[in-house]
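Beneath this line is the structure, given in structure tokens, with notes to follow.
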Ligand code: F0G
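In this note's numbering, the protein residues as written are 3 to 363.
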């Protein structure tokens with residue numbers, strides 16, 4: 003369990019190499035990879051106990067991908083296919099993680115990368131990534147939805163390759179996370195939990211689970227449980243949100259591009275979508291760090307907050323096997339981490355006694 007590689011010691015070479023038979027690539031596709039994927043699936047019994055659950059919870063820690071989010075799975079596909087077509091410029095709108103991945107993979111492919119970000123509303127680490135990987139970084143005075151509209155318009159000129167999840171190969175790459183979960187668990191989970199923003203990932207996971215079932219690798223499909231932030235919950239509320247707002251800036255999206263895909267996953271899997279408040283998100287964010295040593299970004303914790311709701315509502319049968327995607331690493335968003343931790347460093351004089359006093363010895 004928990005290792006996808008056969009015991010031959012074969013080197014992990016990224017998701018296209020591992021799941022080539024399930025992906026739209028050919029010998030003509032130049033694979034641009036940073037060895038993404040093969041992220042750990044971690045069982046978190048302390049967290050489950052703390053929230054009063056009686057089930058198995060496995061976290062797929064996607065923050066351990068090369069640019070520290072799940073976006074690398076889709077981006078290896080998007081940039082490889084862009085390279086196959088001879089594209090010179092890739093472009094995306096982003097709340098920060100897609101842009102980090104696009105910038106990194108474009109650098110490796112020697113392409114120009116342009117990223118459009120909502121001005122002032124992306125986590126510090128993500129901004130640092132776009133700048134360090136050398137992307138042309140544009141802060142739009144508007145929200146993600148407005149930035150994506152501009153990107154779509156630029157895509158229509160045919161001069162740039164759009165690598166948002168409106169590019170279908172992104173979804174293809176992202177579905178490999180479902181394959182890995184099943185490979186690591188040795189079965190399909192009963193429920194899969196994940197945060198929902200632009201809704202590409204819930205679409206991708208559902209596709210992945212269905213494909214694995216169709217190929218006989220698993221014998222049942224999980225129910226898909228998605229969670230949005232209360233101030234940015236268009237799918238839950240049934241209408242676009244003009245001015246989305248949430249502390250979980252990664253999912254601060256008012257009009258998801260893959261809305262249809264999300265609806266389909268929810269309906270076909272007999273799933274569930276709900277919203278959680280910023281306070282609940284931050285509580286779950288801190289709890290998973292303190293109970294099991296897993297530091298994720300606030301958006302990832304939205305689905306843990308959702309799980310807490312579900313436990314309280316009696317929605318999870320005893321003994322269930324649940325997986326949940328921890329979409330991004332906590333270090334992406336140091337500002338929220340320091341604010342949420344609840345205490346600051348103790349500043350002491352440089353001697354043993356001062357330190358002992360703080361420890362209470
Ligand atoms: N969690 C994190 C950390 C994200 O960055 C995102 C999306 C999501 C969850 C939601 O995934 O959009 O597929 O429903 N981030 C995008 C970006 C929008 O630009 O990085 P989704």
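In this text, a Cβ means the ideal position worked out from N, Cα and C, and glycines have one as well. In this text, all values refer to a predicted model and were calculated from it rather than measured experimentally.
Between the CA atoms of residue j and residue i - distance to the nearest angstrom
i	j	result
residue 45	residue 304	18 Å
residue 363	residue 353	14 Å
residue 3	residue 219	Confidence at residue 3 is low in this model, with a pLDDT of 45, below 50, so the placement of that residue should be treated as unreliable; the coordinate-derived value is given next. Approximately 15 Å between the Cα atoms of the pair.
residue 319	residue 312	10 Å
residue 30	residue 85	10 Å
residue 21	residue 290	31 Å
residue 181	residue 357	49 Å
residue 184	residue 34	25 Å
residue 186	residue 18	18 Å
residue 41	residue 13	14 Å
residue 153	residue 295	38 Å
residue 43	residue 355	42 Å
residue 140	residue 189	43 Å
residue 221	residue 200	29 Å
residue 36	residue 254	28 Å
residue 32	residue 164	18 Å
residue 271	residue 203	15 Å
residue 246	residue 287	20 Å
residue 211	residue 223	6 Å
residue 54	residue 275	21 Å
Residue burial classification, residue i (beta-carbon count within 10 angstroms, cutoff 16)
i	result
residue 239	exposed
residue 28	exposed
residue 67	buried
residue 234	buried
residue 361	exposed
residue 340	exposed
residue 350	exposed
residue 314	exposed
residue 134	exposed
residue 82	buried
residue 348	exposed
residue 158	exposed
residue 130	exposed
residue 260	buried
Beta-carbon spacing of residue i, residue j below 9 Å
i	j	result
residue 321	residue 302	no
residue 70	residue 95	no
residue 300	residue 283	yes
residue 326	residue 277	no
residue 132	residue 117	yes
residue 252	residue 205	no
residue 61	residue 47	no
residue 175	residue 80	yes
residue 280	residue 250	yes
residue 123	residue 100	no
residue 324	residue 192	yes
residue 336	residue 126	yes
residue 209	residue 173	yes
residue 177	residue 148	no
residue 256	residue 228	no
residue 342	residue 49	no
residue 328	residue 63	yes
Contact belief for residue i with residue j at Cβ below 8 Å, rounded distance in angstroms
i	j	result
residue 334	residue 128	5 Å
residue 145	residue 120	5 Å
residue 195	residue 309	6 Å
residue 89	residue 113	7 Å
residue 75	residue 39	6 Å
beta-carbon residue i near the ligand HEM non-hydrogen atom, thresh 8 Å
i	result
residue 312	Here the bound small molecules are the ligand F0G; the ligand HEM is not part of this structure.
What are the start and end residues of each continuous alpha helix (DSSP H) run of 4 or more residues lying completely inside the stretch 86-136, in chain order? With a minimum length of 4 residues, the continuous alpha helix (DSSP H) runs that stay inside the stretch 86-136 are 99-110, 126-134.
May I have a chain-ordered list of the alpha helix (DSSP H) segments no shorter than 4 residues that lie completely inside the stretch 33-89? Qualifying alpha helix (DSSP H) stretches, in chain order: 47-52, 73-86.
Enumerate, from N- to C-terminal direction, the unbroken beta strand (DSSP E) stretches of 3 or more residues contained entirely within the stretch 125-203. Whole beta strand (DSSP E) segments, 3+ residues: 138-142, 193-197.
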